[in-house]
Amino acid sequence: MIQQGVLADSLRQSIIDGEFAPGSKLSEAMLSERFEVSRNTVREAFRVLAEQGLLDHAPHRGVSVAAPTIGDVIDIYRARRTIECTVLRECEPEHPAVQRMRDALAESERWLPKEQWQRVGSANMAFHVAIIDLADSPRLARTYRNLAAELRLVFLEIDDPRALHEPFVRRNRIVLDALLSTGPAAAADALEDYLIQSERLVLGAFARMGRS
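Residues in the sequence shown are numbered consecutively from 12, following my numbering.
Put into structure tokens, the structure is as follows:
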């Protein structure tokens with residue numbers, strides 16, 4: 012029988028893959044049958060994902076996938092700037108994770124001309140995960156995994172994948188080139204500018220949708 016931790020991971024992946032849209036309700040009975048687990052196991056998985064900001068539980072209304080607000084977007088990007096820019100500024104440019112940054116960027120550049128936006132987005136996210144790997148910190152990695160999942164929920168709300176991903180492939184290239192040619196401080200500055208521009212794009216999209 013599938014364990015609660017495995018179920019939580021499976022549900023998290025389904026959410027960030029867009030199988031369950033932000034705001035959609037989740038059926039305890041349906042998921043119990045689908046994954047062949049007890050309802051108690053489903054409830055425990057719900058609790059874990061609620062703590063990670065991916066699910067909302069309202070009395071008498073049940074459990075639904077979190078629908079990010081403008082306030083959530085601002086907080087997510089504040090956390091990203093704090094974590095990612097600090098890690099990059101203090102990193103060692105010869106760290107093995109730099110190669111993972113290269114590989115992720117090459118993957119996004121490979122799919123960009125084909126306009127395979129889901130693949131581009133996944134590669135872009137892998138680039139930023141590799142930045143966190145520069146810290147060699149399992150705790151930071153876990154924290155960022157949860158933050159990245161919330162970010163994917165934000166992205167699912169925006170029906171313009173080209174605008175979300177295309178400009179930032181080039182900006183990832185700028186960050187990596189700065190790290191290799193000038194050093195961590197210049198790369199961190201480029202990354203901070205990247206994240207500010209990304210936040211503005213997302214906030215603009217939310218404003219146009221009338222989201223609060």
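A virtual CB, placed ideally from N, CA and C, is assigned to each residue, including glycine.
Opposing strand residues paired with residue i [DSSP bridges]
i: His-106; result: Bridge partners of His-106: none, in fact.
i: Ala-218; result: Ala-218 is not bridged to any residue.
CB contact flag (residue i, residue j, <8 angstroms)
i: Leu-190; j: Val-84; result: no
i: Glu-161; j: Pro-33; result: no
i: Ser-35; j: Ser-75; result: yes
i: Leu-158; j: Ala-77; result: no
i: Val-186; j: Ala-174; result: no
i: Phe-217; j: Ile-81; result: yes
i: Met-112; j: Ala-141; result: yes
i: His-71; j: Ala-61; result: no
i: His-176; j: Val-109; result: no
Classification of residue i by the beta-carbon crowding that lies within 10 angstroms, buried from 16 upward
i: Ile-26; result: buried
i: Ala-134; result: buried
i: Asp-144; result: buried
i: Gly-73; result: exposed
i: Ala-117; result: exposed
i: His-139; result: buried
i: Glu-30; result: exposed
i: Ala-152; result: exposed
Alpha carbon of residue i to alpha carbon of residue j, nearest angstrom
i: Ala-146; j: Asp-170; result: 33 angstroms
i: Ser-96; j: Pro-195; result: Note on identity: in this sequence residue 96 is Cys, with Ser being the wrong assignment. So the alpha carbons of these two residues sit roughly 9 angstroms apart.
i: Glu-183; j: Leu-202; result: It should be pointed out that residue 183 corresponds to Asn in this sequence rather than to Glu. Each residue's Cα considered, the two are about 8 angstroms apart.
i: Leu-66; j: Ala-115; result: 29 angstroms
i: Arg-100; j: Leu-123; result: 28 angstroms
i: Ser-43; j: Pro-149; result: 31 angstroms
i: Gln-208; j: Ala-56; result: 35 angstroms
i: Tyr-205; j: Val-53; result: 38 angstroms
i: Ile-87; j: Val-59; result: 19 angstroms
i: Leu-22; j: Ala-40; result: 14 angstroms
i: Gln-24; j: Lys-125; result: 25 angstroms
i: Gln-128; j: Arg-219; result: Before going on, a small fix: residue 128 reads as Trp here, not Gln. About 22 angstroms.
i: Arg-92; j: Tyr-155; result: 11 angstroms
i: Glu-47; j: Gln-63; result: 24 angstroms
i: Ser-38; j: Glu-103; result: 46 angstroms
i: Arg-222; j: Phe-166; result: 14 angstroms
i: Ala-137; j: Leu-18; result: 23 angstroms
i: Arg-121; j: Arg-181; result: 12 angstroms
i: Arg-211; j: Asp-28; result: 23 angstroms
i: His-106; j: Val-98; result: 12 angstroms
i: Arg-45; j: Glu-168; result: 26 angstroms
i: Asp-200; j: Thr-193; result: 11 angstroms
Residue-level contact to chain D via CB, residue i, 8 angstroms cutoff
i: Cys-102; result: Note that chain D does not occur in the displayed structure, where there is just one protein chain.
Worksheet item: Taking the runs of the beta strand (DSSP E) that are 3 residues or longer, which of them lie wholly in the stretch 70-103?
Response: 73-76
Practice prompt. Could you name each continuous beta strand (DSSP E) segment of 3 residues or more that falls completely within the stretch 33-67, going from the start of the chain to the end?
Written response: none
Item to complete: Would you list, in sequence order, the uninterrupted beta strand (DSSP E) runs of no fewer than 3 residues that lie entirely inside the stretch 141-212?
Response: none
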